[in-house]
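Residue numbers (the UniProt record's numbering): 1 to 626.
Heads up, the beta-carbon is just placed ideally off N, CA and C, and yes, glycines get one too.
Remember, it's a predicted structure, so these values are computed and weren't measured experimentally.
Written below as structure tokens is the structure these notes are about.
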């Protein structure tokens, strides 16, 4: 009982440490697992026993026989299902050919390159060498996301890394399963006809079970056949059922089945998909915490001593500094990525839970089968996992600055609320070269935004997941534009530090609109126009207009005229280089106006013949600039 409670407590503690110090959780989890396992047995325990013994050894231990590996298999199936839920066809399509080449050509280069290196450095058989290579193909999103979360990068660079990590997990698992089948079924004859038939069965039953059960579950959810309070647990039990049933028909096909099931459900029209994702994310965090401590603690000091050689350093160095860059540069040849961006992508390639979990599973099975050299599989893969996570977690930010991919200024704009007003504004900003992301909890608004080609996220601002989204790491401006003034104020308070380093703005409230002298410093656009007024203007004049500015006096005349017409609301100053400067309640930008500038405004066109060019007193300004 103490060991079980200790694993959960230590796992959540490691997750908190990872959050506090902005590092991947895998790093403290593996270190804790090694500490309570092999290190404790060798140096800290008087009777030379582990503080946490995962497998029953006759006197103590948590899991008898193969029970640990059954638990590992089921846990990985849930984690991979959650990863499959996040895969959207539209997002994959937008990533372009680079990610396709990375997960195909890049995977092939990693597979053959790492396999050859493992064979000649550790004298492993070709079968085991390529099993090791298949296991380290993966670069899981659970380790990449924390590394990239606080590094402002160009969107295409962060997107390539994110999607490579998500898509390559099932590919790496499938390749490892294939090689494992070759070893288990083919024996010394290697790539036999029997092994190929087994692989065919894996693909057939994995895809069939995943596809069929996904549609069945989606049908049951949409037809309200499952009560709301049972939705999450029924979905969880269905995932486990699919995994087990698929395994019964074709051994090792369960992982493919749950990934396919997750992908199909993730691209289905489900009202409860977001709720399902939140539940699976929380469950994945708990399972990852438990798994890494268990798997690391299960390693013996003798296994670690196998790595106490220069061959380990050579293997790690070639895999990280030769094979990975080679795979990236070949995969990105002919793309629009710059040299420094390719170098950075080459540097960031940490391995994650799938590599560690399947390595422990397959390594132990092969050792029981008496396969020579199988004892190297688990420690070698853990060495790659721990080494790459440690390297990338400690150097990625510095390396980004060194190679020049670190954004000096975050010009992306986060718009909270995806109403017609926000969509119109976002569409204009995107057409003027700005990265814009809209977020809303209303799926209908999100769908309409995506139909316009806008990047939109269905998100709850009261959850912490928004700050973890690496798609927002180039955002430096935030606009809270919902119809709820309390939400707008909350957004500014909570997210200004993360997303508003260059400017945090919100619409004024009805009370502030009636008392312009009390307008907040973060007031957006006009001190006399709240969400209702802006919506009324949109309803009558759904267009964003531009008008040339001759000089400061002319600009002030336009602003004066706009203040007297409720259907004209100034939004931005567009300078002679096309950059947009946000007009706010306390900064009308008159201090930056020059020749060839334009006033961008919402509503009906100006009657320019009525614009006075008299010298108006400009409102106070400050030094905020775009």
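- Less than 7 Å separates the beta-carbon of residue 363 from that of residue 374.
- About 20 Å separates the beta carbon of residue 113 from that of residue 307, a gap too long to meet the 8 Å contact definition.
- Here residue 594 is exposed, its C-beta having fewer than 16 other C-beta atoms within 10 Å.
- The criterion of a C-beta distance shorter than 7 Å is satisfied by residue 385 and residue 355.
- The beta-carbon separation of residue 597 and residue 549, rounded to 5 Å, stays under the 8 Å limit for a contact.
- Here DSSP, grouped into helix, strand and coil, assigns residue 511 to helix.
- Within the model, the alpha-carbon separation for residue 138 versus residue 322 is close to 16 Å.
- Assignment of residue 427 by DSSP, reduced to helix, strand and coil, places it in the helix class.
- Here DSSP, grouped into helix, strand and coil, assigns residue 574 to strand.
- Annotated three-state conformation of residue 581 is strand, per DSSP.
- Rounded to whole angstroms, residue 497 and residue 581 show a C-alpha spacing of 20 Å.
- Between residue 213 and residue 242, the CB-CB gap stays under 7 Å.
- Residue burial is scored here from C-beta neighbours: residue 305 has fewer than 16 other C-beta atoms within 10 angstroms and is therefore classed as exposed.
- By the criterion of a C-beta distance shorter than 7 Å, residue 567 is surrounded in its chain by 537, 540, 541, 603 and 604, once the five residues flanking it on both sides are discounted.
- Residue 602 sits in a strand when the DSSP states are folded into three classes.
- With a cutoff of 7 Å on beta-carbon distance, residue 253 and residue 316 are scored as not near each other.
- The C-alpha of residue 376 is placed about 14 Å away from the C-alpha of residue 369.
- In the structure shown, residue 324 adopts helical secondary structure according to DSSP, grouped into three states.
- Annotated as distal: residue 504 and residue 532, with beta-carbon spacing of 7 Å or more.
- Around the CB of residue 82, 16 or more other CB atoms lie within 10 Å, so the residue is classed as buried.
- Distance from the CA atom of residue 524 to the CA atom of residue 510, rounded to whole angstroms, is 13 Å.
- Excluding sequence positions up to five before and after residue 75, its CB lies within less than 6 Å of the CB of 287 and 291, all in the same chain and listed in chain order.
- When the beta-carbon positions are compared, residue 552 and residue 574 stay at least 7 Å from each other.
- Bounds of the beta strand (DSSP E) holding residue 506 are 503-506.
- Assignment of residue 545 by DSSP, reduced to helix, strand and coil, places it in the strand class.
- A distance below 7 Å between beta-carbons, with the five flanking residues on each side excluded, links residue 174 to the following residues of its chain, in chain order: 256.
- For residue 437, the uninterrupted beta strand (DSSP E) run begins and ends at 436-440, by DSSP.
- Residue 344 and residue 405 do touch by the CB rule: their CB atoms are close to 5 Å apart, below 8 Å.
- The criterion of a C-beta distance shorter than 7 Å is satisfied by residue 332 and residue 98.
- Residue 590 and residue 583 have their C-alpha atoms roughly 9 Å apart.
- Beta-bridge partners assigned by DSSP to residue 416: 439 and 480.
- In this structure, DSSP gives residue 219 a helical state, which the three-state scheme calls helix.
- CA-to-CA, the gap between residue 234 and residue 227 works out to about 10 Å.
- Ranked by Cα distance from residue 55, the first of 21, 35 and 3 is 3.
- Within the DSSP bridge table, the entry for residue 40 names no partner.
- Of the candidates 267, 225, 414 and 217, the residue whose Cα lies closest to the Cα of residue 237 is 217.
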